[in-house]
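Residue numbers (our numbering): 10 to 239.
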């Protein structure tokens, strides 16, 4: 992370065993931080936000009210995670990433009155297990970033990203597949047979009906299960 400023240990704080919170971080008393989680200088974690174990919230990052974060998540410097975002285990959120929550943003109502929280229904970004969002990318809610998918730096995501997909550009479009290691996958055999291999780990992945999964698993079954749980 590169953060070197002093932090204040809060191991005895209720609901926050073994956490570290910078002296100038703003962590609401109702926020829940899992063991081993660190919140760095100038970061804000709003009311009722929940973070799992061993998370890192970087300098100046913002987590809105009720945001839910799994274990081993990295939220880098100045990222803005607006409610009701949900981040699964092992998610990476790069520096200055923005997760929006307003489909039709306006400062005022049609009558000219300043809007407040009751004047719209917030919608969220969901990032599933292992997903990565590169620096300065914008995810326009409501969208879901699939398991182990990767959003390139500076991309603008306006639609769901499949598991293991690599997307880039404005608007973001899929240009390939990545494995758990984050490395772009290569065709294993004859191009078009739907089998891919990770150059780093040797793991094999299989594409079926436009979805990718690790060899021996069915991406359609997982997609159906995740849709039912949503």
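We treat Cβ as the ideally placed atom computed from N, Cα and C, and that holds for glycine.
query, result
"Beta carbon of residue 76 nearer than 7 Å to that of residue 94", "yes"
"Residue 96 vs residue 82 beta-carbon contact at 7 Å", "yes"
"Start-to-end residues for the beta strand (DSSP E) that takes in residue 220", "220-223"
"Beta-carbon proximity of residue 128 to residue 153, cut-off 7 Å", "no"
"Buried versus exposed, by CB contacts within 10 Å (16 or more), residue 134", "buried"
"Closest residue to residue 216 among 194, 210 and 209 (Cα-Cα distance)", "194"
"Host beta strand (DSSP E) of residue 186 (start-end)", "182-186"
"Interface flag, residue 69 vs chain E, CB-CB below 7 Å", "Judged by its chain identifiers, the structure shown contains no chain E, having just a single protein chain."
"Inter-residue spacing [alpha-carbon to alpha-carbon] between residue 59 and residue 144", "23 Å"
"Straight-line Cα distance separating residue 62 from residue 27", "10 Å"
"Inter-residue spacing [alpha-carbon to alpha-carbon] between residue 166 and residue 148", "5 Å"
"DSSP bridge partner residues for residue 102 (one or two, in chain order)", "84 and 142"
"Contacting residues, own chain, Cβ-Cβ under 8 Å from residue 15 (five flanking each side not counted)", "With a pLDDT of 43 at residue 15, under the threshold of 50, the modelled position of that residue is not reliable, and no figure is offered here."
"Bridge partners - residue 122, DSSP secondary structure assignment", "Note: residue 122 sits in no beta bridge, so no partner."
"DSSP-derived helix/strand/coil call for residue 128", "helix"
"DSSP three-state assignment for residue 63, whether helix, strand or coil", "coil"
"Paired residues, beta bridge with residue 205 - DSSP", "196 and 214"
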